[in-house]
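Shown next, in structure tokens, is the structure this report addresses.
Protein chains in written order, with our numbering: chain A, 18 to 349; chain B, 18 to 349.
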């Protein structure tokens, strides 16, 4: 299932496993004059094999893709934002849109699995299978001491980044989020706002991921991340219950006002939409706001992103804000 | 009709005529040791006569009225706020609640007619009739040079204050209201915010009234006030059309957000309610917000006033704000 579709997850929104791989004896993308040959090689390794899994992918040459369509893919988290820029890049996306293989990002291959909810083991197992299919035809750059070699040394080793997207409105509201960030950090786990600058996280969505790729096996990383995520789930749950029990009137008023604004506003910016939709998510999760939305608030958040909201049309920022308000108003 | 009931007036909300009268050869209320005798005299003058008009009044002894009920009367504009305090005061109110005769306010008699909409002549004619009924049995303090004598010299002469309540959101939003206030002032017409302190008028409701009671006849005052009110109506209409034509998106978004907030908020203060309801009034008048309210926004504004919203119950400020939000949410 596409991670953001019909997603009514309370706290853990989605899970992502990303593997960085490079073709042996070939310069990394930033040092590669022509990416065609390597791209063909990897494309054939995936699409040309006998695996049913691999046959499921569609190849998209990003050089021939309009910018707005690339931005849409980035907003769906199927490619990273840097893939929207530069030349010689491409991506293979599975028909169910849960797997993507970026070519010529920072590394030759960035294989990524996204699942809705909390599913690290399942996502890792799927990533491994796709990784094996590719490895049948490609020799990876690998060092017996260091493991998988990558363009940036922070990825060397397993080449794996495991991350979990969490909705943490109560920890943010009660200002406990900074304590969470620093204590996770001391365990080698990074917590960062998915949107917004500095400490402000629009939508109260945070990405929790491993910082370390060297010296720990994949399963050790996943175990450690699982423990930290479970602890944060516990803290967020307690913070939500406290808000509901001790501050019901204030919190219900705030969440309903956000709901009312989204139900009636005629123009909403992207950052405001995220904040208000986060309130609706919290309100529905606490049983304060009825779950009557045609589209779950998280899906509204993704579908109202700047490129996706345009639906292929060229819109000015004002027109986009009106279109976003309309989309949310009709579906929340 | 009660001035605020089913009142969908666009700009001129209501009209009020107030006459100040005193009983001849009797100290003004502030110098009167015992108000009983004068009160009885006036009460009998009104209720004891043969006039059908006068028979219509109910007598309320404010000494035996709980404070909250007195505050309700003040919020309905049937008594002035000072009538809630002190001893020896009473009021006679007509069954249709458009006429009230306050006894022992600043003067022995403050006769007041309130009509919905713009109806200065009609209100004055009714005030004169009631005035005549009282004068059949009471000799007023009257001087051939000065006219009716009153406790405060600013009322001496006709003893009449004619005023019109206007909803001026567009002139306020475009900051033209200060120009209106000063140019009306130069004509002896006072414009003041009905609610709020300083220049801030919650609800964008203004009271436009004559400052002069001496040297002009009643009909001259009414004619002058009519001219000024018509000019302000014209200015407000132009300002509204300009907002709608030049700033439709911004204004529609703002007005709908206010509507959405009132439709969903769980707690609303009195001043916020007035501002948001003023937006809904403007939105409905401009045809932006559909007129689907069970109770017109102006009526919601009055019914959600601090005392009226309590509906006879003792409520804390927090409970009142919740009750107000509920009342408006269910009726707007």
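Glycine included, C-beta positions come from ideal geometry on N, C-alpha and C. Everything numeric in this text was worked out from a predicted model, so none of it was measured.
Helix, strand or coil, according to DSSP, for residue i in the structure here?
i: residue 19/A; result: coil
i: residue 45/A; result: coil
i: residue 148/A; result: helix
i: residue 313/B; result: coil
i: residue 174/B; result: strand
i: residue 26/A; result: coil
i: residue 222/B; result: strand
i: residue 40/B; result: strand
i: residue 211/B; result: coil
i: residue 293/B; result: helix
i: residue 273/B; result: helix
i: residue 254/B; result: helix
i: residue 199/A; result: helix
i: residue 233/A; result: coil
i: residue 285/B; result: coil
i: residue 263/B; result: helix
In the DSSP output, what is residue i paired with across the bridge?
i: residue 108/A; result: 77/A and 119/A
i: residue 227/A; result: 206/A
i: residue 164/B; result: 160/B
i: residue 129/A; result: 35/A and 117/A
i: residue 298/A; result: The partner list for residue 298/A (beta bridge, DSSP) is empty, contrary to what the question assumes.
i: residue 179/B; result: 34/B
i: residue 184/A; result: 222/A
Using a C-beta cutoff of 8 angstroms, does residue i count as contacting chain A?
i: residue 111/B; result: no
i: residue 280/B; result: yes
i: residue 269/B; result: yes
i: residue 106/B; result: no
i: residue 202/B; result: no
Among residues of its own chain, excluding the 5 on either side of residue i, which ones have a beta-carbon nearer than 6 angstroms to its beta-carbon?
i: residue 301/A; result: 308
i: residue 112/A; result: 73
i: residue 34/B; result: 130, 140, 141, 144 and 179
i: residue 158/B; result: 39, 41 and 166
Tell me whether residue i is buried or exposed, calling it buried when 16 or more other Cβ atoms sit within 10 Å of its Cβ.
i: residue 273/B; result: buried
i: residue 174/A; result: buried
i: residue 195/B; result: exposed
i: residue 270/B; result: buried
i: residue 148/B; result: buried
i: residue 57/B; result: exposed
i: residue 350/B; result: In the structure as shown, chain B begins at 18 and stops at 349. Residue 350/B is therefore absent and cannot be evaluated.
i: residue 329/B; result: exposed
i: residue 202/A; result: exposed
i: residue 262/B; result: exposed
i: residue 209/B; result: exposed
i: residue 87/B; result: buried
i: residue 135/B; result: buried
i: residue 6/A; result: In this structure chain A extends from 18 to 349, so residue 6/A is not present and cannot be described.
i: residue 169/B; result: exposed
i: residue 79/B; result: buried
Can you name, in chain order, every residue of its own chain whose Cβ lies under 7 angstroms from the Cβ of residue i, other than the five neighbours on each side?
i: residue 66/B; result: 150, 153 and 154
i: residue 280/B; result: 346 and 349
i: residue 132/A; result: 20, 31, 32, 115, 139 and 140
i: residue 253/B; result: 28, 185, 187 and 188
i: residue 219/B; result: 212, 213, 288, 291 and 292
i: residue 26/A; result: 133 and 134
i: residue 172/B; result: 37 and 230
Does any CB atom of chain B fall closer than 8 angstroms to the CB of residue i?
i: residue 274/A; result: yes
i: residue 15/A; result: Here chain A has residues from 18 to 349 only, and residue 15/A is not among them.
i: residue 304/A; result: no
i: residue 277/A; result: yes
What in chain D is Cβ-close to residue i, meaning under 8 angstroms?
i: residue 339/A; result: Absent here is chain D; the protein component of the structure consists of chains A and B.
Looking only at its chain, what residues have a beta carbon closer than 8 angstroms to the beta carbon of residue i, apart from the 5 residues adjacent to it on each side?
i: residue 109/B; result: 60, 63, 64, 74, 75, 76, 77, 117, 118 and 120
i: residue 206/A; result: 225, 226, 227, 228, 241, 242 and 245
i: residue 125/B; result: 38, 39, 40, 43, 45, 46, 55 and 59
i: residue 314/B; result: 294, 295, 297, 298, 301 and 349
i: residue 102/A; result: none
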